Every structure is written in structure tokens, then in C-alpha cells.
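What follows is a short report on a single structure.
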Amino acid sequence: MQTAPLDPAARSADRLEPGERLLIAALQAWLSDGSATSLRTLGKVMAWRTSPRVAALFLGWVHAMDAARLRPIEATCRHCGGASQDVQRLVVACGLAPVDLDLGERLIAPLVSEATSVMVLARALNAALAQAGWPLPARLGVQDPSHEQPTMH
């Protein structure tokens with residue numbers, strides 16, 4: 003399992019792992035148009051790019067988040083158009099799921115009312131992504147998950 007600090011230098015898009023870039027793109031696609039047709043298309047693209055298991059788990063994960071949303075989840079940074087703080091929280095939490103479920107839950111707590119079920123699905127998604135050749139790093143070193151960090155630009 004890879005580990006890397008969550009510092010501003012590590013957030014630059016060119017330093018992201020392929021699995022993180024894939025997950026960011028998929029989350030942004032889901033958030034931009036969460037219609038049933040769009041989700042079916044996104045599921046097909048995820049299955050083609052990764053595996054049917056990854057696609058099914060990703061769709062289950064986003065449905066769980068959608069059902070437990072506390073507020074609208076932002077897709078992009080208002081300043082640069084890159085990954086929003088919300089999307090970053092979700093990607094980092096998914097990467098942390100196998101090694102620190104509690105920290106992952108704290109990261110997504112501002113977004114969802116039921117963080118535990120979302121994180122259980124994130125753990126399964128993480129394992130499926132790794133099996134399909136798209137591993138996510140466990141970016142340990144989050145000092146205070148409630149403190150807003152610079153976005154990945």
C-alpha cells in the first residue's frame with residue numbers, strides 16, 4: 003500500500019496516481035449530471051475502462067452518497083475548475099478505506115449523514131480498483147480533516 007503526505011505539493015494533478023485521476027473524472031461526471039441515463043452511461047464507461055465489478059461498486063458508492071448527502075457536493079473548484087475540496091475528500095477517503103476507515107469517515111462526514119456505509123463501499127471499491135490495475139494510494143498524514151486544504155491544481 004502506497005502512502006504519501008497530503009501537502010500542497012502532493013496535490014498537483016501531475017502527482018496524482020492514475021486511479022485517483024480516474025476516480026476524480028468519474029465523480030465529476032456523476033456530479034455534473036446525476037440522471038439515471040447519465041449514471042448508466044458512466045457505469046458502462048467505468049466497466050469498459052476498469053471492470054464490471056469496479057463499475058458496480060462505483061455506482062453503489064455514488065448511490066449511497068446521494069442518499070446520504072447533507073448538502074450538494076461540489077464537483078469543481080470555483081477558482082480553477084480543478085477537483086473541488088468535496089471530490090478530493092471522497093478520493094482521499096476511498097484511498098484510506100483499507101488502512102484507516104475512521105479517518106476516511108471523518109473526511110467525508112461534512113458531506114454525508116451516514117459515513118460508515120459510504121466508507122464500507124469505498125473499501126470494496128478500493129479493492130476492486132486495485133485488482134483491476136487502478137490502485138489508489140493511502141494518502142496518510144491528514145492533520146485535521148475539518149481544515150480546508152488547497153485544491154489539487
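Residue numbers (this note's numbering): 3 to 155. Glycine included, C-beta positions come from ideal geometry on N, C-alpha and C. Because the structure is a prediction, the values reported are computed rather than measured.
So what does DSSP say about Val101, is it helix, strand or coil?
-> Locating residue 101 in the sequence shown gives position 99, counting from the first residue. Reduced to three states, the DSSP call for Val101 is coil.
By how many angstroms is the C-alpha of Cys96 removed from the C-alpha of Ala140?
-> Mapped onto the sequence shown, residue 140 falls at position 138. Mapped onto the sequence shown, residue 96 falls at position 94. A direct Cα-to-Cα measurement between Ala140 and Cys96 gives close to 8 Å.
Hey, is Ser34's beta-carbon within less than 8 Å of any beta-carbon in chain D?
-> Looking at the structure shown, chain D is missing, and only one protein chain is on hand.
Exposed unless 16 or more other CB atoms sit within 10 angstroms - verdict on Arg91 | The sequence position of residue 91 within the sequence shown is 89, counting from 1. With 16 or more Cβ atoms within 10 Å of its Cβ, Arg91 is classed as buried.
Any idea if Ser86 is buried or exposed, counting beta-carbon neighbours within 10 angstroms, 16 or more meaning buried?
-> The residue you call residue 86 lines up with position 84 of the sequence shown. The residue is buried, with at least 16 neighbouring Cβ atoms inside 10 Å.
Which same chain residues, not among the five before or five after Val93, have their C-beta less than 8 Å away from its C-beta?
-> Within the sequence shown, the letter at position 91 stands for residue 93. The beta carbon of Val93 lies closer than 8 Å to those of Glu22, Leu25, Ile26, Leu29, Ala85 and Leu138 in the same chain, with the five residues before and after it left out.
Return the residue from the list Leu44, Val64, Leu109 and Leu41 that minimises the CA-CA distance to Ala126.
-> Residue 126 sits at position 124 when you count from the first residue of the sequence shown. The shortest C-alpha to C-alpha distance from Ala126 to any of Leu44, Val64, Leu109 and Leu41 is the one to Val64.
Report the partner residues of Arg71 according to the DSSP bridge assignment.
-> Taking the first residue of the sequence shown as 1, we reach residue 71 at position 69. Note: Arg71 sits in a beta bridge opposite Val114.
Gln145: buried (16+ other C-beta within 10 angstroms of its C-beta) or exposed?
-> Sequence index remark: in the sequence shown, residue 145 carries index 143 (1-based). Only weak support is given to the placement of Gln145: the predicted model assigns it a pLDDT of 49, under 50, and the question is left unresolved by the model.
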